[in-house]
Amino acid sequence: MIKSRVGDITTDLIQAIGKVCEKHNITHDEYRKAIDFFSEAIDAGERSLLFDAFLEANIVASDPTKTTGTTAQVLGPFYLPNMPLLDNGQLARPNEAGERLTVSGSVLSTEGGIIQNAELDFWQADAEGRYSSFNEGVPQYNLRGKIKSKTDGSFLLQTVKPAQYTIPDQGPTGILLKAIGRHSWRPAHLHVIVRHEDYQTLTTQIYFRGDEYLSTDAVRAANDDLAFPLSKNEEGSCVAFNLILRE
Ligand code: BEZ
Ligand code: FE
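Under the working numbering, read the sequence shown as residues 45 to 291, first letter to last.
Structural data, given as structure tokens:
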């Protein structure tokens, strides 16, 4: 018989689930309800949400390829690929509601070298906590787009401050969140994927220091390392941070 990684993991998973069943005297009726629950979550369009809310942060933490450089974060269910390269780093439309936010920093290697021409693929909630393509009333592809790091490794993005938001909590994922005693709030954040052909792709999130939900993030992803201070400029607020890629 050929042993495989999938086989090894499946064997361990079955064993772990078996222990939980024994510990809680799981009945056949409960087993059937659990199967129905997963079907309902998928039918409600919550396949990614359910897994990302409860498991993705564990996977990010267990991935041995993500030990150095900027701390990795969950991708979550609201990413859309193939968004356009932005003109002059303008992520927000001129009439976008909310406080203006200037985002700046450099893309660096773990040795401290500058990385030019890296692609930074940003997406974020708006000032009401809504994501385009997932919430009603938001213009198509709003607050999604890419910039490149310049020849000195620096980047500059003009946007609005995203709001804290609740992940969808009226369906199966919300029922489970409540059952384990978690609220559904995420701290305010920017999502970014950083890509460069000579380095490993980084998926992370940027939070703001002092956010009340950093320590109780609904999806248990937020990390103090990634919570940066906000300062004021003429237009609104600024946040600065470096993004460090592994070779
Ligand atoms: C998000 O930040 O977009 C997210 C991550 C995990 C689950 C739900 C939302
Ligand atoms: Fe998000």
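Glycine included, every Cβ here is placed at the ideal spot set by N, Cα and C.
- Uninterrupted alpha helix (DSSP H) stretches at least 4 residues long and entirely within the region 71 to 132 occur at 72 to 87, 91 to 98, 100 to 106, given in chain order.
- Annotation: proline 206 to threonine 109 spans about 30 Å, alpha carbon to alpha carbon.
- C-alpha of valine 147 to C-alpha of alanine 284: approximately 6 Å in a straight line.
- At a Cβ-Cβ threshold of 8 Å, asparagine 161 and serine 193 count as neighbours.
- For glutamine 168, the pairing in a beta bridge is given by DSSP as Leu234.
- The continuous stretches of alpha helix (DSSP H) do not include leucine 200, which lies in the beta strand (DSSP E) extending over residues 198 to 204.
- Here glutamate 278 has no same chain residue with a Cβ atom under 8 Å from its own Cβ, once five neighbours each way along the sequence are excluded.
- Taking every protein chain shown into account, the CB of glutamate 90 has 16 or more other CB atoms within 10 angstroms, so this residue is buried.
- At a Cβ-Cβ threshold of 8 Å, aspartate 261 and alanine 271 do not count as neighbours.
- With contacts defined by Cβ atoms closer than 8 Å, threonine 114 and isoleucine 288 form a contacting pair.
- Taking non-hydrogen atoms of the ligand BEZ into account, the C-beta of arginine 188 is found less than 7 Å away from none of them.
- DSSP places isoleucine 288 in the uninterrupted beta strand (DSSP E) bounded by 287 to 289.
- Following the DSSP letters along the chain, one finds leucine 270 in no alpha helix (DSSP H), marked with neither H nor E.
- A Cβ-Cβ separation of about 7 Å places tyrosine 243 in contact with isoleucine 159 under the 8 Å criterion.
- Around tyrosine 209, the same chain offers Ala169, Gly173, Arg230 as residues with beta carbons nearer than 7 Å, after the five sequence neighbours per side are excluded.
- DSSP places leucine 246 in the strand class (E or B) of the three-state scheme.
- In the structure shown, glycine 149 falls within a strand segment according to DSSP collapsed to helix, strand and coil.
- With a 10 Å radius around the Cβ and a threshold of 16 neighbouring Cβ atoms, valine 50 comes out exposed.
- Residue pairing by DSSP puts glycine 280 in a beta bridge opposite Arg144.
- In the three-state reduction of the DSSP assignment, glutamine 59 falls in the helix class, which pools H, G and I.
- Annotation for phenylalanine 122: Tyr175, Phe178 place their beta carbon closer than 6 Å to its own, counting only its chain and skipping 5 residues before and after.
- Across the structure, glycine 225 and isoleucine 46 are spaced so that their CA atoms are roughly 42 Å apart.
- In terms of side-chain proximity, the C-beta atom of proline 121 is found nearer than 7 Å to a non-hydrogen atom of the ligand BEZ.
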